[in-house]
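J.: There's a structure below that I have some questions on.
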Amino acid sequence: MKPLSELLQEAKVDAPPPRYDVDHVVAAGRRRIRRRNSGWALAAVVAVAITIGVPQIVSRSAAPVPQPPAASATQAPAPTLAPDHQIPSVFRFHGYQTASFKIGDPTSVGPGYTGTWASPIENGRKESRLMSLVVYEPGVDPVDRLGLTRVADVAPVKGRPAFTVSWPAPYDGQGLVWEYADNAFAVLTPDPTGAKLEEMREVAEGFGLSAERPVLAAFKVGYLPGDFRLRAVNQESDEFSAVHFLPVSAMREPVRKALRRYEAINGTEGSIQIVLQSLVPGGAAGCGCLAYRKIGDGHEVSISGAISKAEARKILDSLEVATPGDYSTWVPVAQMVPEEYLYKGE
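Heads up, the working numbering is the position in the sequence shown plus 17, with the first residue counted as 1.
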């Protein structure tokens, strides 16, 4: 996998990507900021390994998005997996603001991590100050997982260890890693080399855990072909939901060799993406997808990936779609797919 910082470099291209990786809404933050100024939000994420062919994604989100319901004791518990395999079932922090930066609510989860982005408040700063924030579950070592090089210890963040890291070539910038709880780390990556250490520290110092909120999806998936497993979930708003599946062979790829096991898609191995979003101009004819269904008057579900149209249709027919705009009808991530479609390190 490409390191997250390299993905952020690629995200500087202004044109929307023809394919996306659902958990890297982090890198798409800069595009969302631009398009919200004109009333549209881009929820597409950066294409990482290769172009793998999904429609451009747009989502209306000018009005504040209702918060999803608080976690309920009656919800099915998340599967018992190692933290580097398990997709978090709850968001454990909210968006926040520092003197110079606004940090968005978390929107994306993948095996062992939750992602969001930090953007400069309008004060003359350039957009290059954008940073990704990836918060790892306790027990996950981001330095080992991402193949980072530890550069130097820096002053503690809220009394806990912190240090700078560098990414593999060709990225030449440095990020900040700090322990936010016992044996739990977060990583800030500037886009690229834009934010200074003191600015990263400002964002890190403002971070804190909060009341848990469930990670939700807008559909249940009843069928997947072959050996595909759930890879990532994106809950960008109550009108946008995306899930991404990879084959087991791609999920188990050694991270330190390929640097693309978790935080990016190994497109060469194929993938499946299911997206609920606001209607895109062109409908089924313009989506570039393998299967398509209109939902109500203003939304659509599309399926894309390295599968046949017949298999995509089987997936589409198996979907139970919730109500766009109403989180109370959405499905907790632990209930979204049958257990056999969860990766368990096999």
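The beta carbon of each residue, even a glycine, is placed where N, CA and C say it ideally should be.
Measure the Cβ-Cβ separation of Ile324 and Phe236 and say whether it is below 8 Å.
T.: No, the Cβ-Cβ distance between Ile324 and Phe236 is not below 8 Å.
J.: In whole angstroms, what separates the C-alpha of Cys304 from that of Ala169?
T.: Going by the C-alpha atoms only, they are around 47 Å apart.
J.: In terms of residue numbering, what span does the beta strand (DSSP E) encompassing Lys311 cover?
T.: That run of the beta strand (DSSP E) goes 308-312.
J.: Do you know how far the Cα of Ala327 is from the Cα of Thr124?
T.: Using only the alpha carbons, I get a separation of about 31 Å.
J.: If you draw a straight line from the alpha carbon of Gln11 to that of Tyr309, how long is it in whole angstroms?
T.: As shown, the chain starts at 18 and ends at 363. That puts residue 11 outside it, with no answer to give.
J.: Quick one: what's got a C-beta closer than 7 Å to Asp244's C-beta in the same chain, skipping five residues either side?
T.: So the qualifying residues of the chain are Pro264, Val265.
J.: Closest by CA to Gln191, which one among Asp199, Val204, Ala198, Gly299?
T.: Comparing Cα-Cα distances from Gln191 to each of Asp199, Val204, Ala198, Gly299, the minimum goes to Val204.
J.: On the criterion of 16 or more Cβ atoms from any shown chain inside 10 Å, does Glu139 qualify as buried, or is it exposed?
T.: Under this definition Glu139 is an exposed residue.
J.: What number of angstroms, rounded off, separates the C-alpha of Val171 from the C-alpha of Val350?
T.: Computed Cα separation, rounded: 37 Å.
J.: Which residues bound the alpha helix (DSSP H) around Gly303?
T.: Gly303 -> alpha helix (DSSP H) spans 300-303.
J.: Nearest CA to the CA of Val157: which residue from Ala228, Gly121, Thr346, Leu98?
T.: For Val157, the nearest C-alpha among the options comes from Leu98.
J.: Within 10 angstroms of the Cβ of Asn251, are there 16 or more other Cβ atoms? Answer buried if so, exposed if not.
T.: Asn251 comes out buried.
J.: Give me, in chain order, the residues of the same chain whose beta-carbon lies closer than 6 Å to that of Tyr360; leave out the 5 immediate sequence neighbours on both sides.
T.: Result list for Tyr360: His102, Arg246, Met268, in chain order.
J.: Would you kindly report the start and end of the unbroken beta strand (DSSP E) that includes Met148?
T.: Residues 148-153.
J.: Note down, in chain order, each residue of its chain lying with its Cβ closer than 6 Å to the Cβ of Gly239, except the 5 sequence neighbours on either side.
T.: For Gly239, where only same-chain residues beyond five positions count, the Cβ hits under 6 Å are Ser335.
J.: Looking at Ile289 and Phe262, is the spacing between their C-beta atoms short of 8 Å?
T.: Going by C-beta atoms, Phe262 is nearer than 8 Å to Ile289.
J.: Could you check how far apart the C-beta atoms of Val220 and Thr115 are, in whole angstroms? I think they sit under 8 Å.
T.: Contact flag correct, Cβ pair sits at about 6 Å.
J.: Could you tell me whether the Cβ atoms of Ser136 and Leu165 are closer together than 8 Å?
T.: No, they are not a contact pair.
J.: Anyone know if the C-beta pair for Pro173 and Ala179 falls short of 8 Å?
T.: Cβ distance < 8 Å, so Pro173 and Ala179 count as in contact.
J.: By the DSSP assignment, the beta strand (DSSP E) with Ile332 in it spans what residues?
T.: Careful: Ile332 lies outside any beta strand (DSSP E), inside the alpha helix (DSSP H) at 326-335.
J.: What residue from Met148, Leu226, Glu253 has the CA that sits closest to Val232's CA?
T.: Checking every option, the nearest Cα to that of Val232 belongs to Glu253.
J.: Taking the beta strand (DSSP E) that Val194 belongs to, which residues open and close that run?
T.: 191-198 is the span of the beta strand (DSSP E), which, as asked, contains Val194.
J.: Round the Cβ separation of Pro100 and Pro159 to the nearest angstrom and send it over; I've been treating them as touching at under 8 Å.
T.: About 12 Å separates the two Cβ atoms, so there is no contact after all.
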